[in-house]
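Taking the numbering used here as reference, the numbering of the sequence shown is continuous, increasing by one, and the terminal residue is 743. Beta carbons are placed, not taken as given, at the ideal position from N, Cα and C, and that holds for glycine. Note that the structure is a prediction, hence the values are computed from the model and not measured.
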Amino acid sequence: MTPITAAAESARPPALADAGAMPEPRLLLADRVAQLYGQLPIGAAATLLIVVISVYALRRSDQSWIVYGWSSVALAITTARLLLWWNYQRSTRTVEQAQRWMRWLTLGAIANGLIWGLLASLFFELMTEHEHLFIVLVLGGVMVGGIAMYASSWFLFAAYGAPIVLPFTYGLATHDDVLVRGVAILIPLFYAVSVGVAYRLDQLFLAGFRTQRAYRQLNAECAALNQRLAQQLQEIAVARGQVEASGRKLALFVERSPVAVFELDPQGRALNVNPAAEHLLGFAASELSGRPVAELLFAPEQAAELLARWRQMLRARQPVMPLRQTTRRRDGHEIVCEWSLTPLVNAEGRVISVIAQGRDITQQLEAERLKQEFTSTLSHELRTPLTAVLGALQLVNSGAVGSPDAEVRELTQIAERNSQRLLELINDVLDLEKVEAGKLPVELQAMPLEELVRESLTLNRAYGERFGVRFAMSDELPSALVHADRRRVLQVMTNLLSNAAKFSPEGATVEVTLQDQGSHLRVGVHDRGPGIPHGFHARIFSRFAQADMSLTREKGGTGLGLAICKRLVELMGGRIGFSARAGGGTTFWFELPKHAAAVP
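Following this line, the structure appears as structure tokens:
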């Protein structure tokens with residue numbers, strides 16, 4: 144609250160302390176009462192002074208008892224009025240109590256008028272002409288004083304003046320002198336004019352009240368506005384400090400970041416670069432500033448392609464990532480960088496600048512190439528002798544080279560099983576490397592999905608019987624064709640069925656379903672195994688992903704089957720996922736696109 148507002152509130156009449164949202168008539172009455180009671184002590188003091196002067200001027204030995212009796216009545220009424228004022232000052236002076244205080248004030252005004260009415264009625268006939276003149280002057284004075292005293296309520300002035308005028312007019316009208324009786328006619332006219340003046344003053348008070356109320360309301364609104372403005376300024380200052388702190392933090396991150404960061408204008412010219420960009424590309428910041436980055440860092444054919452991507456990004460106002468490009472350093476050496484472009488858009492939706500981030504992945508790509516070559520070479524080198532070992536073990540176990548004793552047969556069977564697992568692992572690794580290198584051949588053509596699923600169930604029935612698990616298909620889609628590779632679909636089904644068989648309890652049935660999903664056909668494999676832990680969901684399709692190593696060692700498995708399934712399904716334009724089954728177990732599903740001729 145401002146000092147002006149505080150001063151205005153302190154000057155507000157107590158009767159309006161709780162006025163808040165009160166209707167105007169009640170507020171007006173409360174304000175009248177406050178003004179009238181504020182004048183009451185002055186009026187009472189004036190009354191006492193005039194009474195004392197009147198007693199002194201009218202005292203005579205033969206009529207002194209009347210004078211003193213009148214003064215006693217005047218003193219009693221004035222004392223009562225002062226007590227009324229004292230009680231009003233001690234009260235809470237709420238708006239609801241204003242009507243009651245106004246009634247008491249009206250009674251006090253009538254009693255005050257009776258003081259002077261008694262003066263006229265008791266003494267006028269008994270006094271001399273000089274004393275008549277004194278009484279007329281006194282009565283005229285108290286009438287004029289009453290206008291000032293009751294200026295905020297013409298009705299109260301009328302109630303005050305009537306007890307004065309009526310007995311005085313009656314006394315003059317019954318006088319023997321014709322001139323005096325003529326004056327009696329003027330007294331009511333004087334009273335009427337006085338009431339008119341009081342009414343006019345009352346209207347001025349009303350206008351002043353409304354002006355004051357409007358000022359208070361305006362002042363309160365200004366105070367509230369000042370408070371809101373101060374709060375907003377404080378919030379802006381806090382926000383500005385936070386923005387500046389965030390800006391300093393962001394600038395520090397960009398400066399210390401190991402990733403090359405460029406700020407480019409919408410035309411692709413460099414505005415700012417961080418030290419990592421200078422180190423990566425060999426250009427100083429001053430050499431890059433204001434120059435088109437694409438022309439400096441990329442070959443002309445690459446720059447043309449990037450320009451088209453740049454324009455598309457500006458139109459869409461969406462980030463572009465990742466963008467793998469061969470990048471030319473200042474010394475002419477070429478490196479492979481992975482770039483991302485993020486447009487900064489203002490409130491009007493206009494791109495004001497673009498943040499380009501790049502990192503050198505040359506060594507990473509080389510490491511991946513060497514790893515793939517090593518894995519492929521190692522797998523091929525291992526598979527050839529392992530195939531021979533496995534064949535020899537199978538001959539021994541089949542009895543083709545004689546019948547070994549039981550102890551030797553047990554050892555050769557263990558060796559055969561482990562050799563088979565190792566061969567499966569090598570084949571899975573080779574398949575995965577081929578998929579990721581884009582070297583796995585995929586021949587997409589129209590295939591009857593139901594026929595493929597039934598064939599996979601037949602091929603894997605013996606594997607399921609090893610674990611005491613039965614495979615069953617519950618849905619039929621005889622005319623449904625998918626656009627897929629037959630060999631890869633069977634490979635995906637084999638992996639999903641083998642997992643379901645290994646992890647389902649003995650005697651369970653693995654259910655296979657077919658569903659039409661509009662543009663795709665879905666195959667679901669439903670088992671009753673232990674389920675998949677929630678924390679493992681995000682990694683289930685990763686390489687060598689195994690949720691429970693103890694179960695994997697017991698049941699067998701490489702952790703590559705689901706990773707291969709995901710990549711094979713995606714190669715055929717589909718998608719793969721899983722969900723928990725009600726009552727326990729897991730449903731693995733994959734979707735393949737329908738063949739165009741089969742889509743209705």
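Those residues which DSSP pairs with glutamate 481 across a bridge: By one-based count along the sequence shown, residue 481 stands at place 338. Per DSSP, Arg467 and Arg502.
Mind pulling the alpha helix (DSSP H) runs of 4 or more residues that sit fully within the region 318-400? Taking only runs of at least 4 residues, the alpha helix (DSSP H) segments lying wholly in the region 318-400 are 321-399.
Which residues in the same chain have their Cβ closer than 6 angstroms to the Cβ of threonine 652, if we skip the five residues on either side of it in sequence? On the sequence shown, position 509 is the one that residue 652 refers to. Within the same chain, threonine 652 has close Cβ partners Arg613 and Ala615.
Are the region 322-338 and the region 379-395 touching, with three or more C-beta to C-beta distances below 8 angstroms? The answer is no - the region 379-395 does not touch the region 322-338, with fewer than three Cβ pairs under 8 angstroms.
Counting pairs of Cβ atoms below 8 angstroms between the region 623-639 and the region 544-558, do you hit three or more? Verdict: no, contact absent.
In three-state terms, what does DSSP make of glycine 251? Translated into the one-based positions of the sequence shown, residue 251 becomes position 108. DSSP places glycine 251 in helix when its eight states are reduced to three.
Excluding sequence positions up to five away, which residues of its chain have a Cβ less than 7 angstroms from the Cβ of arginine 724? For the purposes of this step, residue 724 is identified with residue 581 of the sequence shown, where counting begins at 1. His669 and Thr730, listed in sequence order.
Do tryptophan 297 and alanine 341 have their beta-carbon atoms positioned less than 7 angstroms apart in this structure? Residue mapping note: residue 341 aligns to position 198 of the sequence shown, counting from 1. Residue mapping note: residue 297 aligns to position 154 of the sequence shown, counting from 1. It is a contact, given that the beta carbons lie within the stated cut-off.
Since I believe alanine 403 is in contact with alanine 419 (beta carbons under 8 angstroms), could you give me their beta-carbon distance rounded to a whole number of angstroms? On the sequence shown, residue 419 is found 276 positions in, with the first residue counted as 1. On the sequence shown, residue 403 is found 260 positions in, with the first residue counted as 1. Rounded, the Cβ-Cβ distance is 5 angstroms, consistent with contact.
Are the region 300-313 and the region 257-266 touching, with three or more C-beta to C-beta distances below 8 angstroms? The region 300-313 vs the region 257-266: in contact.
Where does aspartate 659 fall in DSSP's three states? Here residue 659 corresponds to residue number 516 of the sequence shown, with the count starting at 1. Here aspartate 659 sits in strand by DSSP.
Would you report the Cα separation of tryptophan 732 and lysine 709, rounded to the nearest angstrom? Stepping through the sequence shown from its first residue, residue 732 is reached at position 589. Stepping through the sequence shown from its first residue, residue 709 is reached at position 566. Each residue's alpha carbon lies about 11 angstroms from the other.
Give a yes or no on whether the C-beta atoms belonging to alanine 757 and glutamate 438 are separated by under 7 angstroms. Outside the shown range of the chain (144 to 743) lies residue 757, about which nothing can therefore be said.
Identity of the residue in Glu274, Leu276 and Pro306 nearest glycine 289 by Cα: Within the sequence shown, residue 289 is the residue found at index 146, counting from 1. Of Glu274, Leu276 and Pro306, the residue nearest in Cα terms is Pro306.
Cα-Cα separation, leucine 361 to asparagine 369: Position 218 of the sequence shown, counting from 1, holds the residue named residue 361. Position 226 of the sequence shown, counting from 1, holds the residue named residue 369. Each residue's Cα considered, the two are about 12 angstroms apart.
Separation of leucine 703 from glycine 569, as counted between CA atoms: Within the sequence shown, the letter at position 426 stands for residue 569. Within the sequence shown, the letter at position 560 stands for residue 703. The sequence shown places isoleucine at residue 569, rather than the glycine named in the question. Using only the alpha carbons, I get a separation of about 10 angstroms.
Taking C-beta to C-beta, are leucine 423 and aspartate 474 nearer than 7 angstroms? Here residue 423 refers to the residue found at position 280 when the sequence shown is read from its first residue. Here residue 474 refers to the residue found at position 331 when the sequence shown is read from its first residue. No. Outside cutoff.
Three-state secondary structure (DSSP) of isoleucine 569: Stepping through the sequence shown from its first residue, residue 569 is reached at position 426. Helix, per DSSP.
What are the boundary residues of the alpha helix (DSSP H) that includes isoleucine 719? Locating residue 719 in the sequence shown gives position 576, counting from the first residue. Residue range 718-723 is occupied by the beta strand (DSSP E) that includes isoleucine 719, with no alpha helix (DSSP H) assigned at that position.
For methionine 715, which of helix, strand or coil comes out of DSSP? Counting from one through the sequence shown, the residue named residue 715 turns up at place 572. Methionine 715 falls in the coil class under three-state DSSP.
If you follow the alpha helix (DSSP H) that histidine 677 is part of, which residue opens it and which one closes it? Position 534 of the sequence shown, counted from the start, is the residue given in the question as residue 677. Run containing histidine 677: none; DSSP gives neither H nor E here.
Nearest-angstrom Cα distance between glutamine 178 and serine 295? If you number the sequence shown from 1, residue 178 lands on position 35. If you number the sequence shown from 1, residue 295 lands on position 152. So the two alpha carbons sit approximately 7 angstroms from each other.
Glutamate 734 lies in the beta strand (DSSP E); which residues open and close that run? Here residue 734 is taken as the residue at index 591 of the sequence shown, counted from 1. DSSP places glutamate 734 inside the beta strand (DSSP E), whose first and last residues are 729-736.
DSSP state of leucine 620, grouped into three classes? The residue given as residue 620 occupies position 477 in the sequence shown. The answer is coil: DSSP assigns leucine 620 none of H, G, I, E or B.
Per DSSP, leucine 705 forms a beta bridge with which residues? The residue labelled residue 705 in the question sits at position 562 within the sequence shown. DSSP output for leucine 705 lists no bridge partner at all.
Taking C-alpha atoms, which residue in Thr505, Ala490, Arg493 and Glu491 lies nearest to tryptophan 482? Sequence index remark: in the sequence shown, residue 482 carries index 339 (1-based). Ranking Thr505, Ala490, Arg493 and Glu491 by Cα distance to tryptophan 482 puts Thr505 first.
Using the three-state DSSP reduction, which class does arginine 696 fall into: helix, strand or coil? Working through the sequence shown from its first residue, we reach residue 696 at position 553. Confidence is the limiting factor: at arginine 696 the pLDDT is only 44, short of 50, which leaves the residue's position unreliable and the question unanswerable from this model.
If contacts are defined as beta-carbon pairs under 8 angstroms, then arginine 471 and phenylalanine 441 qualify, I think. What distance do you get, rounded to the angstrom? The sequence position of residue 471 within the sequence shown is 328, counting from 1. The sequence position of residue 441 within the sequence shown is 298, counting from 1. Indeed, because the Cβ distance is near 7 angstroms, the residues count as touching under 8 angstroms.
Of the choices Pro648, Lys737 and Phe679, whose alpha-carbon is the least far from that of alanine 589? For the purposes of this step, residue 589 is taken as the residue at position 446 of the sequence shown. Check the Cα spacing between alanine 589 and each of Pro648, Lys737 and Phe679: the tightest is with Lys737.
Helix, strand or coil at glutamate 524 according to DSSP, with G and I counted as helix: By one-based count along the sequence shown, residue 524 stands at place 381. Under the three-state reduction of DSSP output, glutamate 524 falls in the helix class.
Let's test the definition: count the other Cβ atoms within 10 Å of the Cβ of valine 176 and tell me whether it reaches 16, buried, or not, exposed. Residue mapping note: residue 176 aligns to position 33 of the sequence shown, counting from 1. Its Cβ being crowded by 16 or more others within 10 Å, valine 176 is buried.
Can you check DSSP and say which residues form a bridge with glutamine 588? Position 445 of the sequence shown, counted from the first residue, corresponds to residue 588. The partner list for glutamine 588 (beta bridge, DSSP) reads Ala627.
DSSP three-state label for glycine 545, please. What you label residue 545 is simply residue 402 of the sequence shown in a count that begins at 1. Glycine 545 falls in the strand class under three-state DSSP.
Taking the alpha helix (DSSP H) that asparagine 489 falls in, what are its first and last residues? Position 346 of the sequence shown, counted from the first residue, corresponds to residue 489. First-last for asparagine 489: undefined, no H or E at that position.
Quick check on proline 621: buried or exposed, where buried means 16 or more other Cβ atoms within 10 Å of its Cβ? Residue numbering aside, residue 621 sits at position 478 when the sequence shown is read from its first letter. It counts as exposed.
Look at the alpha carbon of valine 416 and the alpha carbon of valine 655, and state the distance between them as a whole number of angstroms. Taking the first residue of the sequence shown as position 1, residue 416 is located at position 273. Taking the first residue of the sequence shown as position 1, residue 655 is located at position 512. Each residue's CA atom was taken as its position, placing valine 416 and valine 655 some 57 angstroms apart.
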